[in-house]
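These protein sequences, in sequence, are chains A and B. First residue of the first sequence: 136, per the working numbering; consecutive thereafter. First residue of the second sequence: 539, per the working numbering; consecutive thereafter. Here a beta-carbon is modelled for each residue, glycine too, at the ideal position from N, C-alpha and C. Structure record follows, encoded as structure tokens.
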Amino acid sequence: MVDRNNVKTIAVVAGNIANDFCRDLVESMKNSIPSDGSVNLMILPGEVLIMDEKKEARWQFDSVFNGIYNLAYQCEPDGIIFAMGSMGWMASESDLNRFFERYKDIPKVLVSSEKQEYITVNYDNETGIKEAIDYLVNVNGFTNICMLGGDSLNPDAEERKKIFIKCLENNGLPFREEFFEPTNMSTHTEVPAQRLLDNNPDVQAVFCVNDTTAKGLYSVMERRGLRPGKDILVFGFDNTRMASEMTPSLSSIGPARETLGQKALELMIDQFEGKEVSSVMVATRLYGRESFQYDVHMYSNRELMAAGEEFIYRLFDDCFYRYNSSSIKRTAVDLRRLYYEFISRILKAYKRKFMPYEEYEEIGNMIDVFFRNGAMEYTDSEKILSCVERLQNALNIIQKSIAVNSLINRLFLRMKDDCIREICKKNVDQRNSAYTDLKRMKDHLICGFNYQNDREKALTSYFKSLDLVCIRNGSLFLFDKPVVKQGREEIVYPDELYMKCFIKDGEIHMTPQDRQLRKTKLLFSAIMEMAHLECMVVFPLVYERYTYGLIFCELTEKTYNMGGFVAINMGMTLKLLEESQI
Amino acid sequence: MYTWNFQYISRSRLTDTFEQLTLDPSKGDILIRIHTAIHFGDEAVELARYIKNIVPQAHIFGTSTSSVISMGKLANNQCIISVTQMDYGKVRSALLPAFDDNGLPISAEDLSRQVADAVIDKDTKYLLTFLTSKYADVSRFVEKCNDVFPGVQMVGGCANVPDLRVQRSMDRGFVFNENGFSNKSIVLAALSGERLECLTSYVTGAEVVGDEMQITDAFGRNILAIDGDDAAKEYTRRLGRFLEKRKDLAYIFPYVYSEEGEAPFLVSYLDNTKLSDLYPKNNPEYKDLYASHENIDAEEECNMIVANHNLKVGTKIKRAFIHDRKIVSDNQRMFNHIAAFNKAETLFGYSCITRPLIYSNCAKWEISIYENTNICGCLTGGEIFFDGNKNVFGNCCFIVTAMGEADEVQAYNPYVFSHTEMLEVDNEELLGYLTAMEGVKKDTDEAVEEFVQACATRLLYTMDSGLMNAAAMNMDINFKGYDRICMISVLDVESMSTVFTKEFIDLTYRNYIKKCHKYAEMNKYNIYVIDKWQIAIAARSYMVDFDVFASDMENLQKELFATDIDFISIIPLFCVIDNCTVENMTAIYNNARLTMMQKNVQFFVCDASSMHVDEESIMNKYQMVNVINYAIANDKVIPQYQGIYSNSNRSIDHYESLMRIMDENGKIYYPNSFLEVARSFGILYDTISVMMVKKVFDHFSNFKDKSVSINLGIRDIKNRDMTDIIFDFLGTTDHPENYVFEILENEDIADYNMIIEFVDKIHELGGKIALDDFGSGFSNLQHVMDIHFDYLKIDGSIVKRCCDSKEAENLIALISGWKKLSERKIDIIAEFVENEAIQDKMESYEIDYSQGFLFSKPSAYIFD
């Protein structure tokens, strides 16, 4: 039983959660929440609307920084995790110091930060990059390896560049300036990518400072009739979901075992428990995909025949590389064990040259269960197909018994079928839900324009349409008066705010007038208790200088993508509603 | 025919007994069997002679044994004497040497002829035969007897003596009669007569598995080769190398003669033993043996398997194992035979010395079927018995012979068959073996796996429903990853039998099992029958999402709830547990059941890995018990008094007594820390409560103008000691009106009349009653109406909030208004009046009394 008084609320100050890196980070933190429910997470995502000029970006950043992040301060969480990722560097040193100063009394963990004086969690950039470069030079014999880097102000990008240079030099390849091209680390990297290819016509491999950067390179290469993985090997960093979804799939360096988010939360909980903690480096490794075929380990027939426990688990970890790093809901099907069970049964039958028909049926059933329970979440189609193929080929080299082999091949076929079916199903589901979401979003927007002479009425009917958007659990708060921001100064939210409605399991409940008042200070814990959730995200309803309120939502696939959008839209609509009354 | 059995106590008792028996040798012969576990050879002969003196015509048949069977029990350290008086038939008896003058065994053929010459007549029907284990060729001997005197039922075995070491107890066994005793002889008693009929049946409990094999080489009692392979190797290969560590397990896995009615014979597994140790070369007895195996290296240390009698090359054998269900079914079969035999005047029972060794409960259990009969016999080492066609020698059997010359039915005890639980305990060895084998499965070969499989399929299923049992569940949890378990039990099964017929209950039970089984099967879960009415359904965490599993179980519960006119409505309790292990399962389940009971829920979901028994709270509880005990022993139950301010008199004349206890360090404990613990050990509560009341009475009997409130729980009102003290005091004190008894309103008042009775009695004696904590819990206003309270105490939680909350204030106004309307005189007391603001409110609503820190804090003394 959870003692509600002992539940700790952690505020997570994050970057834009629609961004793949940030999303993986938040997701892995969410998945690592201990099962006893002793910890709650409130995600505070900051969104920077990309501007071309740096100055503008700074201004934008300030508004985010002083806006939503201030909420963390006012709501008095028990601990705070700074996971600003690629946007932390935009804040000035003094800003940051002032910011951290406020939280001096509560436990803090900083993700991807250079600040030595705090507890930090960082990628050990070197292990992964070294693994990749060494392989390229020593195995492929490459000499022309380039890098599509980041802004020199971004410490992470800068470090990766340094390591890149070091790795080249360690392999006897002197670094030349034209090997490197800086970018803004977003998807808009065509121009520097073009430059890089122009300057290095003989380039054999390109290291992209993160996965996003590779997007631009991909499109430039496509225009020039070059195929990643065939003409030029490409690999990124962070091993985000996006990497596996690109065509051809992008090889990427990512966490070897634990992720940044997992580790950060772990450190936080250790601090709550009064343990001594110190900063942690998370080891990285290269995940090979089409753009750079690479396997961590080969296996021999002897290993296959032994069918040892350790060996099969290694196969699983290799193929379902995301499984280990995203901690799994304890009540869910234990896919790792399941994989072990059916693979070991297949190998055993192979060894014994005998597979009874019931056994065949049972294994087939296990394979179905395996894929039905979301095995594909932890790998990508490319990876699993090649893994299955390799295993199948290895078993077919020596046909110990034709009957057993044909059954085994049918089982492998079943794996592939299941895998394809799951992918198709996911795609169809996604398309369908994207379509309905769009339609419902439109309806919701229309409700917002349904001005009536009575402002309250108009607002009520607008809020009532909140169930049309993608929020299944959450609640909406408005301030008495919009908070107006002047220049670069901080936003101070009022001590009290009004809960207009809450959404429970997709059903909207309007709060009666006399029960709307809530204290800002107690907001985080109160709201999570009300929603029975362990992790929520909050977006401000902003329009220009005005902040009208806050919307809290459950963290789902849709909130990652749409949450920020919905909030901005609401801010806009609220502004319009206000204007229309004047 | 009539048989008396009695235990040998002393010679004088013996004389008395024989005098009482009206033995009449003229009517028929008399057989006196003596099975002794307390006499040495010469003593036994003395005894035989003594009896022979009393009954000169009797035929005496004596053997040593380790335990005797008498009155349906197995008894150590006894000598049993069984006297059978034939009405028509004849008895012939003999004690023949089984070894010749040179010390060599007489050949089986010769011995059988000598037996025939000595005791067999043309109408001999039954031959009681005992040898000693010295005569190794017993198997051949029995075979020859079949040829020499076919149709005679033989029963007997080899005599043994009480000794923990089986081998030694066998070596020292002897047979005797009044003429002497010997460990190299054969004792015989043949029964004949036209009217005599006998029926012999036997039980093994051995389940045969696997294919037929042949002994291809034997050396005396040793089996050297089976199907051409080294026998010891074959034995371990099938059973797993595990056997090398647990040699005693060999008893559970005998071989059976596949040709001879499947009589089992046990083998022992010996490691690193020399043949020459077992068969000394200089012993002339073994000369022929060594002659037939010229090339054998008797000095080599090797592993071997040894039986207790000589084995013949070419014998067909099969592998077997002994388990409870087979024991029960074999016994059932034997019992059916015996019970159907209508000339059962006398029962003879012989069981194998190894039976109690393998399954200690089994031997006791199966003999108890014949508890009320005149069964008499003993334990033997190896048994000779008639298997229905011919006589055989085997061991590990339980043999019962029923015989008689006239119709007679004995009082059997078939009730025993419905109580087989104790046998399951015996299975632990076998289960231990299976578990160990599962654990090492990886390095064993298929032969072992097959054998284990064969054992498992017979061992892991319940008898009546054919579903898997608790042992199977434990194995599945351990080895197959079934760690999501739903325990289903049915509440209040006992009470069912008071209203419904057995058939109806059985029908309901079968339907219950069937529904669960079908549901589990449909959803591909495993189902186990743990106990009558208790079922477990299990899923593997790598196959089924726990949430899915739990919701499936919920559906099953709904299905079981669904009433059907054909069956009794049952209330199944579901407890779904994640992360089960064999170790944590029972504790977690019991814990969960407790919680379910407390909360009165029928469906409960929990996670074993996060649900740990709260050791700290248990520790605290026991510490508190110590403190309470200390307080009781050292008179440290301390009343404190809090003044209650009268808003009309503007003074404090009334006090509430509050209980405190003190530990040896002088630390004061408040009721919220000890009362619950005290209640859970009811007697502690009664004691401190009575102490408290006595002290308050004592204290206030000094005052005329001060009154006091005393808190009473329902338990106190039920406690006769307490009420007697109160009534006595009120009856004798000068000012009974000064005592107010506060009854806690929020306690569950079940026996309502009892309270009314108590209240009336208090009023009668001049005391007063207050209703405590009115407004906490869900107040039953009917109580307020029916019980005549003099005071009503508004719960502090309402009073405290009356300044902040309009609702709370309204409630106080309501109570105040109700008082005004009421025709009864009731004074209202407000608790927790902490500040002036609250007091002002109270006064504005004309509340009669205020109690709280504003006026007085609890204290051990009363201030004016």
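{"query": "Anticipated Cβ contact below 8 angstroms, A/Gly284 with A/Phe315, distance rounded", "result": "6 angstroms"}
{"query": "Local Cβ density within 10 Å of B/Leu777, reported as buried at 16 or more and exposed below that", "result": "buried"}
{"query": "Backbone CA spacing between A/Arg607 and A/Asp640 [nearest angstrom]", "result": "5 angstroms"}
{"query": "Distance between beta carbons of A/Gly684 and A/Phe612, contact taken as under 8 angstroms", "result": "5 angstroms"}
{"query": "Beta-carbon neighbours of B/Phe1112, restricted to chain A and to distances below 9 angstroms", "result": "Going along chain A, no residue has its Cβ under 9 angstroms from B/Phe1112, so there is no contact; the nearest lies around 17 angstroms."}
{"query": "Cβ-Cβ distance between A/Gly699 and A/Phe674 below 8 angstroms", "result": "yes"}
{"query": "Distance CB(B/Ile922)-CB(B/Met708) smaller than 8 angstroms", "result": "no"}
{"query": "Strand pairing of A/Ala418, partner residues [DSSP]", "result": "A/Asp259"}
{"query": "A/Leu352 versus A/Glu325 - alpha carbon distance", "result": "6 angstroms"}
{"query": "Reduced DSSP category for B/Arg893 - H, G, I as helix; E, B as strand; rest coil", "result": "helix"}
{"query": "Where A/Glu188 sits in the DSSP three-state scheme", "result": "Per-residue confidence for A/Glu188 stands at a pLDDT of 49, beneath the threshold of 50, marking its modelled position as unreliable; the derived number appears in the next sentence. DSSP places A/Glu188 in coil when its eight states are reduced to three."}
{"query": "Distance, B/Phe873 Cα to A/Met501 Cα", "result": "48 angstroms"}
{"query": "Proximity below 8 angstroms, CB of B/Val606 to CB of B/Ala992", "result": "no"}
{"query": "Between the CA atoms of A/Cys605 and A/Asn562 - distance to the nearest angstrom", "result": "18 angstroms"}
{"query": "Residues bridged to B/Leu1111 (per DSSP)", "result": "B/Ser1027"}
{"query": "Closest residue to A/Asp503 among A/Asp552, A/Tyr485, A/Ser536 (Cα-Cα distance)", "result": "A/Asp552"}
{"query": "Segment limits, beta strand (DSSP E) that includes B/Tyr1179", "result": "1175-1184"}
{"query": "Short-range partners of chain B found in the stretch 467-479 of chain A, where Cβ spacing is below 9 angstroms", "result": "Ala467, Val468, Asp469, Leu470, Arg471, Arg472, Leu473, Tyr474, Tyr475, Glu476"}
{"query": "Exposed unless 16 or more other CB atoms sit within 10 angstroms - verdict on B/Leu1352", "result": "exposed"}
{"query": "Cα-Cα separation, B/Asp657 to B/Ala727", "result": "Per the sequence presented here, residue 657 of chain B reads as Val, with Asp not at that position. Cα to Cα, B/Val657 sits roughly 7 angstroms from B/Ala727."}
{"query": "CB contact flag (A/Val256, A/Lys398, <8 angstroms)", "result": "yes"}
{"query": "Which of helix, strand or coil DSSP assigns to A/Leu520", "result": "helix"}
{"query": "Under 7 angstroms from the C-beta of A/Asp171: neighbouring residues of chain B", "result": "Ser1148"}
{"query": "Beta-carbon proximity check, A/Leu603 vs A/Asp564, cutoff 8 angstroms", "result": "no"}
{"query": "Contact under 8 angstroms by Cβ, A/Leu385 with A/Ser414", "result": "no"}
{"query": "Environment of B/Thr939 [buried if 16+ CB atoms lie within 10 Å]", "result": "buried"}
{"query": "Partners in chain B for A/Val504, counting only beta-carbon separations shorter than 7 angstroms", "result": "Met1081"}
{"query": "Identity of the residues DSSP links to B/Ile618 by a beta bridge", "result": "B/Gln545, B/His573"}
{"query": "With 16 other Cβ atoms within 10 Å as the buried cut-off, status of B/Phe1017", "result": "exposed"}
{"query": "Supposed contact pair B/Pro688 and B/Ala575 - C-beta distance, whole angstroms, cut 8 angstroms", "result": "That belief does not hold up - the Cβ atoms of B/Ala575 and B/Pro688 are roughly 34 angstroms apart, past 8 angstroms."}
{"query": "Where B/Val1297 falls, given that 16 or more other Cβ within 10 Å makes a residue buried", "result": "buried"}
{"query": "Spatial neighbours of B/Pro563 in its chain, beta-carbon cut-off 7 angstroms, leaving aside the 5 residues before and after", "result": "Gln595"}
{"query": "Counted within 10 angstroms of its Cβ, other Cβ atoms place A/Gly150 as buried (16 or more) or exposed", "result": "buried"}
{"query": "Cβ-Cβ distance between B/His597 and B/Ile619 below 8 angstroms", "result": "no"}
{"query": "Segment limits, beta strand (DSSP E) that includes B/Thr738", "result": "735-741"}
{"query": "B/Ser723 vs B/Ala636 beta-carbon contact at 8 angstroms", "result": "yes"}
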